[in-house]
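Enquirer: Numbering (the working numbering), first residue to last: 1249 to 1699.
We put the CB at the ideal spot given by N, CA and C, even for glycine.
1) Find out if the Cβ-Cβ distance for the pair residue 1632, residue 1590 is shorter than 8 Å.
2) When you compare only the Cα positions, how much space is there between residue 1539 and residue 1465?
3) DSSP three-state label for residue 1629, please.
4) Tell me residue 1677's beta-bridge partners as DSSP assigns them.
5) Rounded to whole angstroms, how far is the Cβ of residue 1570 from the Cβ of residue 1392, which I believe are closer than 8 Å?
6) Take residue 1401 and list the residues in its own chain whose beta-carbon comes closer than 6 Å to its own, dropping the five residues that flank it on each side.
7) Please state whether the Cβ-Cβ distance between residue 1490 and residue 1528 is less than 8 Å.
8) Mapping DSSP to helix, strand and coil, what is residue 1315?
9) Let me know the secondary structure DSSP gives residue 1702 once reduced to three states.
10) Pick from 1513, 1349, 1436, 1451: whose alpha carbon is nearest that of residue 1423?
11) With distances taken between CB atoms, is the gap from residue 1311 to residue 1342 smaller than 8 Å?
12) With respect to the alpha helix (DSSP H) encompassing residue 1447, which residues constitute its N-terminal and C-terminal limits?
13) DSSP on residue 1369, reduced to helix/strand/coil?
14) Thinking residue 1563 and residue 1555 are a contact (beta carbons under 8 Å), I'd like their distance in whole angstroms, please.
15) What is the DSSP secondary structure of residue 1672, reduced to helix, strand or coil?
16) With a threshold of 8 Å, are at least 3 pairs of Cβ atoms found where one atom belongs to the region 1425-1442 and the other to the region 1506-1520?
17) Helix or strand or just coil, what does DSSP make of residue 1579?
18) How many Å lie between residue 1696 and residue 1544 at the Cα?
19) Please report the distance separating the alpha-carbon of residue 1686 from that of residue 1618.
20) How far does the beta strand (DSSP E) with residue 1528 in it extend, from its first residue to its last?
21) Rounded to the nearest angstrom, what separates residue 1273 and residue 1293 at their Cα positions?
22) Using the Cβ count rule (16 or more neighbours within 10 Å means buried), how would you classify residue 1367?
23) Note the first and the last residue of the continuous beta strand (DSSP E) segment covering residue 1506.
24) Go through its chain and collect everything with a Cβ distance to residue 1575's Cβ below 6 Å, but skip five positions before and after it.
25) DSSP three-state label for residue 1596, please.
26) According to DSSP, is residue 1468 helix, strand or coil?
27) Just how far apart, CA to CA, sit residue 1340 and residue 1386?
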């Protein structure tokens, strides 16, 4: 041991000193709050199936060059936010994924998924960025994303935007607005970039440190500044849309026409840009005013050059990602009632002798589709009937299943209603559980998580 190191404090054998806690910004999701996540995920899966999007699951860890090459070396994510490390076994540079579009594209290219035509894919999972935790933003956060690869037209741009809008309706969200823009093609952005640099150089004294840093490396990102002192110089900057050629403008017009045909209102925001280098043509954001200044809950756009950029065969693509924490925060903010997961029945077991019969009965009920929770013994025994009924009530179960000695002697159990106020009791035969199990089933939504 180093002579300057303090010796570890002695403690009880087998007991660790100090309480271990989660890493700041990486949160546990506990019941009943986890029911919100399941509620959202179930609706996403059902909606994606209706739009013919299929699930893809990629690794949480990818090689660092995937994100450096795909996202761009001068993006905030690559420069400041990635959790990157060297694999001590083989020296490989690895990164916890900060976003998943690059990973999806890598998988599509690696497995030649576009060989037989375009693919519509979606994903759910954790992402990692080292940034200051704040409301709805964490170091381990979760995204749901949709990616349509192999389709070049503005019709699929519109479809994927309509998919996101359908999700807001599915979740009962209100006051979510859509902003769109076109970033054109690389050669058009190159002309605009030169004009943009010249404009900001004339107003260099107004730029903050972040703006000065980006001036020659990524001037388009200066347009996305939240600094009010730079608002005037940003508003007077050359607009990218004025540099777009006929083909890019036609694509943008096609997107707008398709959105209008479906009655989806939008605002063209000529200052809307994206944080990653891989975007071209259509970009969009869904924004709410309900979450303060950090109002974007879903963002995306077209990235026709990313597949080739990471070594695959060139193919067009468009997609979006939403922040799960922020969407759930919005659901809570707008006061939606989310069904809680509660059991259909709670088994009350007066003594240990009844446990084998109760277990066998509950297994038969579960096999028949009934959700069942069993009262479990403690070191002191099964507990009183009164305490068991209190736990049955707290569980939210619609029925109590009572395995009393008198009922068991007759090959029966007692079913008592807990939720309709009647307290009705009836006996049911243990030998034919499958015949009366359907009377206990519910849609699992008798409980409510408010807000």
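Expert: In this structure, then:
1) No.
2) The straight-line gap from Cα to Cα measures roughly 31 Å.
3) Three-state DSSP puts residue 1629 in a strand.
4) For residue 1677, which the question treats as bridged, DSSP gives the partners 1660.
5) Yes, residue 1570 and residue 1392 are in contact; Cβ-Cβ is about 5 Å, under 8 Å.
6) Nothing listed; no residue qualifies.
7) Contact flag unset, no.
8) DSSP places residue 1315 in helix when its eight states are reduced to three.
9) Outside the shown range of the chain, which is 1249 to 1699, sits residue 1702, and nothing can be said about it.
10) For residue 1423, the closest alpha carbon among the candidates 1513, 1349, 1436, 1451 is that of 1513.
11) Yes, these two residues count as a Cβ contact at 8 Å.
12) Per DSSP, the unbroken alpha helix (DSSP H) holding residue 1447 starts and ends at 1434-1450.
13) For residue 1369, the three-state secondary structure derived from DSSP is strand.
14) The pair is a contact, with the Cβ atoms about 5 Å apart (cut-off 8 Å).
15) Note: residue 1672 maps to coil in three-state DSSP.
16) Because the criterion of three Cβ pairs below 8 Å is met, the region 1425-1442 and the region 1506-1520 touch.
17) Correct three-state label for residue 1579: helix.
18) Reliability fails at residue 1696, whose pLDDT of 49 lies under 50, so the model's placement of it is uncertain and no value is given.
19) Their backbone Cα atoms lie some 8 Å apart in a straight line.
20) From DSSP, the beta strand (DSSP E) with residue 1528 extends over 1528-1536.
21) Residue 1273 and residue 1293: Cα-Cα distance of roughly 27 Å.
22) It counts as buried.
23) Careful: residue 1506 lies outside any beta strand (DSSP E), inside the alpha helix (DSSP H) at 1494-1509.
24) Within the same chain, and ignoring the five residues on either side of residue 1575 in sequence, the residues whose Cβ sits closer than 6 Å to its Cβ are 1545.
25) Judged by DSSP in its simplified three-state form, residue 1596 adopts strand.
26) Correct three-state label for residue 1468: helix.
27) A direct Cα-to-Cα measurement between residue 1340 and residue 1386 gives close to 27 Å.
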